[in-house]
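Chains as they are written, first to last, in the numbering used here: chain A, 180 to 597; chain B, 180 to 597; chain C, 14 to 142; chain D, 14 to 142.
All residues carry an ideal CB built from backbone N, CA and C; glycine is no exception.
Beneath this line is the structure, given in structure tokens, with notes to follow.
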Amino acid sequence: MKTAESERTTAVSTLDVRDDFPILSRHIDGRPLVYLDSGATSQKPAAVIDAISDYLSEHNANVHRGVYALAQESDAAYESARERIAAFVGWEPRTTIFTKNVTEAINLVAYAWGRTNVGPGDAVLTTQMEHHANIVPWQVLCRERGAELRYLEVDERGELSLDQLDRELARGDVKLVTFTHVSNVLGTILPVAEMTARVRAAGATSLVDGAQAVPHMPVNTAALGADFYAWTGHKALGPTGIGVLHGRTEILEQMEPFLTGGDMIASVDFDGATWNELPFKFEAGTPPIAEAVGLGAAVDYLSALGMERVRAHERKLTGYLLDRLREVPGLRVVGPPEAENRGGLASFTIEGMHAHDIAELANRGGVCIRAGHHCAQPLMRRLGVAATARASVGVYNEPVDVDALIDALLAGRRVFEL
Amino acid sequence: MKTAESERTTAVSTLDVRDDFPILSRHIDGRPLVYLDSGATSQKPAAVIDAISDYLSEHNANVHRGVYALAQESDAAYESARERIAAFVGWEPRTTIFTKNVTEAINLVAYAWGRTNVGPGDAVLTTQMEHHANIVPWQVLCRERGAELRYLEVDERGELSLDQLDRELARGDVKLVTFTHVSNVLGTILPVAEMTARVRAAGATSLVDGAQAVPHMPVNTAALGADFYAWTGHKALGPTGIGVLHGRTEILEQMEPFLTGGDMIASVDFDGATWNELPFKFEAGTPPIAEAVGLGAAVDYLSALGMERVRAHERKLTGYLLDRLREVPGLRVVGPPEAENRGGLASFTIEGMHAHDIAELANRGGVCIRAGHHCAQPLMRRLGVAATARASVGVYNEPVDVDALIDALLAGRRVFEL
Amino acid sequence: MDDLYRDYILDHYKRPRNFGELDPHDMEALEHNPLCGDELGVHIRVKDGRIEDLRFHGHGCAISQASASIASEELKGMALEQVGELDADWAIELLGIPVSATRRKCALLGLKVVKGAVTGDNSWPVGSG
Amino acid sequence: MDDLYRDYILDHYKRPRNFGELDPHDMEALEHNPLCGDELGVHIRVKDGRIEDLRFHGHGCAISQASASIASEELKGMALEQVGELDADWAIELLGIPVSATRRKCALLGLKVVKGAVTGDNSWPVGSG
Ligand SMILES: Cc1ncc(COP(=O)(O)O)c(C=O)c1O
Ligand SMILES: Cc1ncc(COP(=O)(O)O)c(C=O)c1O
Numbered sequence: 180m181k182t183a184e185s186e187r188t189t190a191v192s193t194l195d196v197r198d199d200f201p202i203l204s205r206h207i208d209g210r211p212l213v214y215l216d217s218g219a220t221s222q223k224p225a226a227v228i229d230a231i232s233d234y235l236s237e238h239n240a241n242v243h244r245g246v247y248a249l250a251q252e253s254d255a256a257y258e259s260a261r262e263r264i265a266a267f268v269g270w271e272p273r274t275t276i277f278t279k280n281v282t283e284a285i286n287l288v289a290y291a292w293g294r295t296n297v298g299p300g301d302a303v304l305t306t307q308m309e310h311h312a313n314i315v316p317w318q319v320l321c322r323e324r325g326a327e328l329r330y331l332e333v334d335e336r337g338e339l340s341l342d343q344l345d346r347e348l349a350r351g352d353v354k355l356v357t358f359t360h361v362s363n364v365l366g367t368i369l370p371v372a373e374m375t376a377r378v379r380a381a382g383a384t385s386l387v388d389g390a391q392a393v394p395h396m397p398v399n400t401a402a403l404g405a406d407f408y409a410w411t412g413h414k415a416l417g418p419t420g421i422g423v424l425h426g427r428t429e430i431l432e433q434m435e436p437f438l439t440g441g442d443m444i445a446s447v448d449f450d451g452a453t454w455n456e457l458p459f460k461f462e463a464g465t466p467p468i469a470e471a472v473g474l475g476a477a478v479d480y481l482s483a484l485g486m487e488r489v490r491a492h493e494r495k496l497t498g499y500l501l502d503r504l505r506e507v508p509g510l511r512v513v514g515p516p517e518a519e520n521r522g523g524l525a526s527f528t529i530e531g532m533h534a535h536d537i538a539e540l541a542n543r544g545g546v547c548i549r550a551g552h553h554c555a556q557p558l559m560r561r562l563g564v565a566a567t568a569r570a571s572v573g574v575y576n577e578p579v580d581v582d583a584l585i586d587a588l589l590a591g592r593r594v595f596e597l
Numbered sequence: 180m181k182t183a184e185s186e187r188t189t190a191v192s193t194l195d196v197r198d199d200f201p202i203l204s205r206h207i208d209g210r211p212l213v214y215l216d217s218g219a220t221s222q223k224p225a226a227v228i229d230a231i232s233d234y235l236s237e238h239n240a241n242v243h244r245g246v247y248a249l250a251q252e253s254d255a256a257y258e259s260a261r262e263r264i265a266a267f268v269g270w271e272p273r274t275t276i277f278t279k280n281v282t283e284a285i286n287l288v289a290y291a292w293g294r295t296n297v298g299p300g301d302a303v304l305t306t307q308m309e310h311h312a313n314i315v316p317w318q319v320l321c322r323e324r325g326a327e328l329r330y331l332e333v334d335e336r337g338e339l340s341l342d343q344l345d346r347e348l349a350r351g352d353v354k355l356v357t358f359t360h361v362s363n364v365l366g367t368i369l370p371v372a373e374m375t376a377r378v379r380a381a382g383a384t385s386l387v388d389g390a391q392a393v394p395h396m397p398v399n400t401a402a403l404g405a406d407f408y409a410w411t412g413h414k415a416l417g418p419t420g421i422g423v424l425h426g427r428t429e430i431l432e433q434m435e436p437f438l439t440g441g442d443m444i445a446s447v448d449f450d451g452a453t454w455n456e457l458p459f460k461f462e463a464g465t466p467p468i469a470e471a472v473g474l475g476a477a478v479d480y481l482s483a484l485g486m487e488r489v490r491a492h493e494r495k496l497t498g499y500l501l502d503r504l505r506e507v508p509g510l511r512v513v514g515p516p517e518a519e520n521r522g523g524l525a526s527f528t529i530e531g532m533h534a535h536d537i538a539e540l541a542n543r544g545g546v547c548i549r550a551g552h553h554c555a556q557p558l559m560r561r562l563g564v565a566a567t568a569r570a571s572v573g574v575y576n577e578p579v580d581v582d583a584l585i586d587a588l589l590a591g592r593r594v595f596e597l
Numbered sequence: 014m015d016d017l018y019r020d021y022i023l024d025h026y027k028r029p030r031n032f033g034e035l036d037p038h039d040m041e042a043l044e045h046n047p048l049c050g051d052e053l054g055v056h057i058r059v060k061d062g063r064i065e066d067l068r069f070h071g072h073g074c075a076i077s078q079a080s081a082s083i084a085s086e087e088l089k090g091m092a093l094e095q096v097g098e099l100d101a102d103w104a105i106e107l108l109g110i111p112v113s114a115t116r117r118k119c120a121l122l123g124l125k126v127v128k129g130a131v132t133g134d135n136s137w138p139v140g141s142g
Numbered sequence: 014m015d016d017l018y019r020d021y022i023l024d025h026y027k028r029p030r031n032f033g034e035l036d037p038h039d040m041e042a043l044e045h046n047p048l049c050g051d052e053l054g055v056h057i058r059v060k061d062g063r064i065e066d067l068r069f070h071g072h073g074c075a076i077s078q079a080s081a082s083i084a085s086e087e088l089k090g091m092a093l094e095q096v097g098e099l100d101a102d103w104a105i106e107l108l109g110i111p112v113s114a115t116r117r118k119c120a121l122l123g124l125k126v127v128k129g130a131v132t133g134d135n136s137w138p139v140g141s142g
């Protein structure tokens, strides 16, 4: 006997990869773990965890300097990871720099590019929907350099206006336009290629924060046309401790380094130093070797699934999520109404319940969702909400996860006597 | 029947922990792996590898923001690691900051402290025996700020002169004195407490690079008296991707942040941001969570061995290493002559063989040693050598490893027909 | 019955005591919970070295609102000196429910803002972990 | 016999051909191997668009010294145009031993410095990996 609900859920595709993720066999207070917080960080397939263990147990050595066998294996593992990671998003390894997270990648651009290219009277243009990682470094830079930070506005549908972008660029003072590929709160997918084309035509430089895009859809950075494209390993099935910055050769070559020390120099004497070639010029000190190996395994895993399939799966699942959230009385979703235009997430409020309490009550049902400002306080202000709850999906989620969320939300409303 | 050699080697203590390190059961071209490159990076005990796997397979979530069970477990794991890591070196967790490596830790001080505290006419004092990580950031800072970078000289024994330190401080322009705890080339152990006392008396600030000290001897940072003390996880049995900076509360509180973005803010609006409390103010973005868990397991492992025992073991082993190296014709060791005054390493040259070739030939015997400038080109210039070979020990080394090295060096000389 | 969301917690959340503005007032402060951006402010009127009256304003979760509301009843009439000595345990005990490490800051925000207004010290109350 | 340290390699290492200074010279360059700080410089004398004579100077490992020494014999008399087209394979083949990824830079340093002197382009020879 099939209930109406189970009929509906089976109509939604699954990638059927749950078993690849060890953590998903956990139970929370006797209930199976339902992980709907991939927007904060992804879970890791066994292939990634094993790649890290294997590297540390069998090949570990420092890179770039050793002539012995282990060191050569480590070099090969690290540089092969760089090649596969760059290829995964359609960029060159030589201009693919490993940082510790996307936050450092953006700071690298703010310090090493911004301090020489943004001056008094110049402007940096960002958007109202950015993560703090793509706002605060520009506030700091603009204050230091006497430049102005301006924001593209978010409309009622959670989208930007290309007209406003044109008007801002026409003012002639914009040196950099920096924006997210996918909003971590609204889910909005920005029209990156259209935007970078306009920025380029205006003679400005573009930076795209791909943290919420790369793990969830096919991303071809070359086609997107940004001057810098940054993302973060831990949201892309990889480990913490690694971020990625892709940059154009000409720009990276003209930039001064950011962090300085070992590995990034060509030679050092008492009076000064000269810099190593790309990408090493921007990788000071021992790099995240085991982390690169882990992220390499993660992109291999995603490539094997196929990013088109990943996107199709997550889009359907997000559609199902949006549909079912409508069943909860008093619930309001922010951002674009259709799954077509959004990444795999939905942020929402429930009348009479604070987001924290929503997340706490979801956890009673074994469901992990996030609550708060999602590191996007300016956007929260723009939306006129203090905080939202957010459910976000990954390759391993299935319709039953959404069902568990809805059950938990309905149960939570009863606790609150709503 | 005992040979003279085996009698001698059994007289040297071993900690007998080889079996804890999976990689040490590897063979290179049929010969057991002999790892003598802990100065570059350490091997990892199963306890560390398992802690990382366990965290990623069972508890993984982002920290500091989630109310659900996994997020709370991750918070607890991350902050408990911070507490144990701080306690391991006698410092407070609140002023113990995680970076990606010691290079970033030093750069953090150069950018966030240096740019406001070092100005035109001021001087930064470092030493001729520093790793590039403790030279280049100061060259960059001094150039930017119009300050002078001066070097304490290294004498024939590989030591510094406290008199020169006094004379430099007496000039009255020194704002910062930065030096290594243990030289990664000479092995010299610097008299840190005496040096920081003089620096403090002169009203200057001190930074100590503990990369080569923390893994190898008892280190009590509070007693050492430095204002900043930095070290790196991967040399201390931990994973890549994590470094540690300990700083004095008053100084850290007055400093502006370095990297900015999520987690390090108290609040952000369109016009500006306010900073979070310590240590979070200096940890922008998703921190190295799995890496902190791994390094936490590493310090637990080292604490269980006992750092006094570790030091005693490595000192004896280094004495044995120095003794046996003398048997190789044409071999010259740089740095202090006695094991008493050095960390667990010996750098050397062999007449008629370049360091690279020495390392290559050592690898034929399954022995991993490093060759080159060891990221200390200014010191190489001072010593008048192009490169050295370096053998460095860890808790897992035993006298037989030294024997294997000597055999390989003697065989290498025969290949070179010396 | 729910462990955390007891009846009296929900009652204080839905009908918080001593909420609103208080004008004129002698002391005030405004604080954020960095975890979620929740905002809580307080106005305090002082007489003879004691809190004569106080009002909270702002928005927050059930835990932070209930905690402020419950505390407000205890704080009325309290000597300013005594306020300076209140620690995290005081607020947690008063709240009377088990609070997870993550939500401790929610439970302590009310006390933090009151201590900030009275003593000028806006660090987290001792024992906030 | 050793795979890498063949007799002729050691011979070129111990008795490098065309080493020293060459004054006057028409072209020169100096390069470092970032791996180890080894230094290799070259002086070149040009006649009719060809390398008439050249000398290397500096210090390095057996691989880099032998590689420069062996190459020096081939380079003498070579048209400058042709020098500009030499790639990594040329140097590796000439050396005639299996070179690991790490030591490729040692084997290519000589070619790099010569190409730098002749063409002004001091990037690593194509195919250096
Ligand atoms: C004394 C010293 N300082 C700094 C470093 C740099 O460490 P890391 O590469 O982990 O930043 C090293 C090791 O390479 C070192 O030996
Ligand atoms: C859009 C966006 N940008 C930046 C970040 C920051 O990523 P990380 O913490 O890995 O630096 C995040 C995630 O927190 C994000 O969602």
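| Check | Outcome |
| --- | --- |
| Boundaries (first-last residue) of the alpha helix (DSSP H) holding Val281 (chain B) | 281-287 |
| Limits of the alpha helix (DSSP H) - the one that Arg259 (chain A) falls within | It should be noted that the sequence gives Ser, not Arg, for residue 259 (chain A). Segment 248-267, the alpha helix (DSSP H) holding Ser259 (chain A). |
| Ligand 1 heavy atom lying under 7 Å from the CB of Gln318 (chain B) | no |
| Distance, Asn313 (chain B) Cα to Cys321 (chain B) Cα | 13 Å |
| Interfacial residues, the region 43-74 of chain D to chain A, with Cβ spacing under 7 Å | His45, Pro47, Leu48, Gly50 |
| Segment contact flag, the region 392-402 of chain A with the region 244-251 of chain A, C-beta cutoff 8 Å, min 3 pairs | no |
| Distance between Gly523 (chain B) and Val572 (chain B) (C-alpha atoms, nearest Å) | 5 Å |
| heavy atom of ligand 2 below 7 Å from Ala390 (chain A) C-beta | yes |
| Straight-line gap, Arg30 (chain C) to Leu215 (chain A) (C-alpha atoms, nearest Å) | 36 Å |
| Pairwise C-alpha distance: Asp229 (chain B) and Leu501 (chain B) | 35 Å |
| Beta carbon proximity, Glu596 (chain B) to chain D, threshold 8 Å | yes |
| Length-filtered (4 minimum) alpha helix (DSSP H) runs lying within the region 397-477 of chain B | 400-403, 428-433 |
| Any C-beta of chain C under 8 Å from that of Asn239 (chain B) | no |
| Per-residue DSSP class, three states only, for Thr567 (chain B) | strand |
| Contact list for Ala590 (chain B) against chain D, beta-carbon separation under 8 Å | None at all; the shortest Cβ gap to chain D is about 10 Å. |
| Buried versus exposed call for Thr275 (chain A) [16 or more other C-beta atoms within 10 Å across all chains shown] | buried |
| Identity of the residue in A:Gly382, A:Val371, A:Leu369 nearest Arg350 (chain A) by Cα | A:Gly382 |
| Best match in C:Gly50, C:Thr132, C:Glu98, C:Cys49 for proximity to Asp39 (chain C) [C-alpha to C-alpha] | C:Thr132 |
| Cβ-based burial, Ala372 (chain B) [other Cβ within 10 Å; buried from 16] | exposed |
| Short Cβ contact (8 Å threshold) for Gly129 (chain D) with Ala42 (chain D) | yes |
| Inter-residue spacing [alpha-carbon to alpha-carbon] between Leu194 (chain A) and Leu121 (chain D) | 49 Å |
| Min CB distance Ala101 (chain C) to chain B below 8 Å | no |
| Residue environment, Met180 (chain A), which counts as buried when at least 16 other CB atoms sit within 10 Å | In this prediction, Met180 (chain A) has a pLDDT of 42, which is less than 50 and means its spatial position is unreliable; nothing more can be read from the coordinates. |
| Distance cut-off 7 Å: Val398 (chain A) Cβ against heavy atoms of ligand 2 | no |
| Proximal residues to Ile22 (chain C) (C-beta, below 7 Å), its chain only, five neighbours per side dropped | Ala75, Ala79, Ile110 |
| C-beta neighbour in chain A for Tyr21 (chain C), strict 8 Å | no |
| Per DSSP, cross-strand counterpart(s) of Ile368 (chain B) | B:Val361 |
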